[in-house]
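Numbering (our numbering), first residue to last: 1 to 251.
Ideal Cβ positions, reconstructed from N, Cα and C, are used throughout, including at glycine.
Given the structure is predicted, the values throughout are model-derived calculations rather than measurements.
Reviewing the structure listed below.
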Ligand code: KIV
């Protein structure tokens with residue numbers, strides 16, 4: 001079973017959808033997540049609901065080639081874990097075909113039996129609470145209403161009891177993220193959920209400036225779009241002026 005440090009150094013998690021990015025981020029991450037965010041980031045889907053099991057498996061196979069040291073976690077897509085039997089069948093398929101270390105499922109109480117079944121069958125599971133893109137009707141942050149806070153806090157304890165090894169907290173009000181992080185013995189990994197979590201996750205394409213979207217919780221650490229643009233422009237200029245290929249790049 002997977003045991004991540006809590007209350008020691010922060011856990012670093014980033015997404016990857018292919019080998020080249022995976023091999024770069026693997027050096028600096030504890031966890032590489034093949035997120036179903038690939039549906040919106042790569043395929044321009046309006047929601048992650050359209051992501052299929054086959055898409056997740058294909059991208060994960062590519063990521064597996066780049067991940068050498070980090071824990072590799074794969075999102076179970078929408079409608080692939082509606083009951084324990086379906087969840088077990090599909091999680092086994094993901095693990096078998098991609099050789100990943102764990103799967104991630106979205107949701108709280110309703111997933112209790114599902115998670116218990118997976119864990120009993122030696123499949124490590126990461127939880128995901130707060131904003132749940134697979135079922136969200138709106139993309140507002142969570143934890144303003146008292147009843148909502150209570151439910152998310154209760155769900156974090158239910159997921160811990162079911163056996164998840166960590167929980168992603170997405171777009172959760174800061175003091176609630178702090179309360180949850182204190183209340184449970186497994187690490188919380190935040191995205192838009194404050195500095196109080198045990199670790200942080202971001203979508204790599206957002207962090208490097210390749211994805212067009214902007215949101216309060218995203219910090220762009222580079223402008224890779226500009227880098228690519230400049231490289232392509234320079235290639236084009238060289239070709240136009242017959243400066244590429246030179247002898248060095250010819251046979
Ligand atoms: O799909 C994804 O990339 C995720 C992260 C944003 C946590 O679930």
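**Asked** Counting along the chain, where does the beta strand (DSSP E) carrying residue 188 start and finish?
**Response** Where residue 188 is concerned, the enclosing beta strand (DSSP E) stretches over 188-191.
**Message:** Closest to residue 78 by C-alpha separation, out of 94, 48, 123 and 204, would be which residue?
**Reply:** For the residues 94, 48, 123 and 204, the minimum Cα distance to residue 78 belongs to 48.
**Message:** Taking 8 Å as the threshold (C-beta atoms), are residue 133 and residue 166 in contact?
**Reply:** Taking 8 Å as the Cβ cut-off, residue 166 and residue 133 do not qualify as a contacting pair.
**Item:** Between the CA atoms of residue 240 and residue 123 - distance to the nearest angstrom
**Value:** Cα to Cα, the separation comes out at about 55 Å.
**Item:** Cβ-heavy atom distance, residue 60 to the ligand KIV, below 7 Å
**Value:** A distance criterion of 7 Å places the beta-carbon of residue 60 beyond contact range of the ligand KIV, judged by its closest non-hydrogen atom.
**Prompt:** Taking DSSP as the reference, what is the three-state secondary structure of residue 80?
**Reply:** Three-state result, residue 80: coil.
**Message:** Suppose the cutoff is 6 Å on Cβ atoms and the five residues either side in sequence are ignored; what does the same chain contact list for residue 76 look like?
**Reply:** The residues are 103 and 105.
**Item:** Supposed contact pair residue 195 and residue 14 - C-beta distance, whole angstroms, cut 8 Å
**Value:** In this structure residue 14 is not in contact with residue 195, their Cβ atoms being roughly 17 Å apart against a cut-off of 8 Å.
**residue 134 in three-state terms, based on DSSP** = Residue state, collapsed to three classes: coil.
**Request:** Classify residue 15 as helix, strand or coil using the three-state DSSP reduction.
**Result:** Strand at residue 15.
**Message:** Quick check: does the Cβ of residue 170 come within less than 7 Å of any heavy atom belonging to the ligand KIV?
**Reply:** Residue 170 Cβ: within cutoff of the ligand KIV.
**Request:** Check whether the Cβ of residue 75 sits closer than 7 Å to any heavy atom of the ligand KIV, and report yes or no.
**Result:** Indeed, a heavy atom of the ligand KIV lies less than 7 Å from the Cβ.
**Prompt:** Quick one: is the Cβ of residue 67 within less than 7 Å of any heavy atom of the ligand KIV?
**Reply:** Checking every heavy atom of the ligand KIV against the Cβ of residue 67, none is found closer than 7 Å.
**Message:** If you follow the alpha helix (DSSP H) that residue 207 is in, where does it begin and where does it stop?
**Reply:** If you look at residue 207, you'll find it in the alpha helix (DSSP H) that goes 204-207.
**Prompt:** Apart from the five residues just before and just after residue 243, which ones in its own chain have a Cβ nearer than 8 Å to its Cβ?
**Reply:** Annotation for residue 243: 237 place their beta carbon closer than 8 Å to its own, counting only its chain and skipping 5 residues before and after.
**Item:** residue 199 beta carbon less than 8 Å from that of residue 12
**Value:** Yes. Within cutoff.
**Prompt:** For the putative contact between residue 31 and residue 71, defined by C-beta atoms under 8 Å, what is the C-beta separation to the nearest angstrom?
**Reply:** That pair is a contact at about 5 Å.
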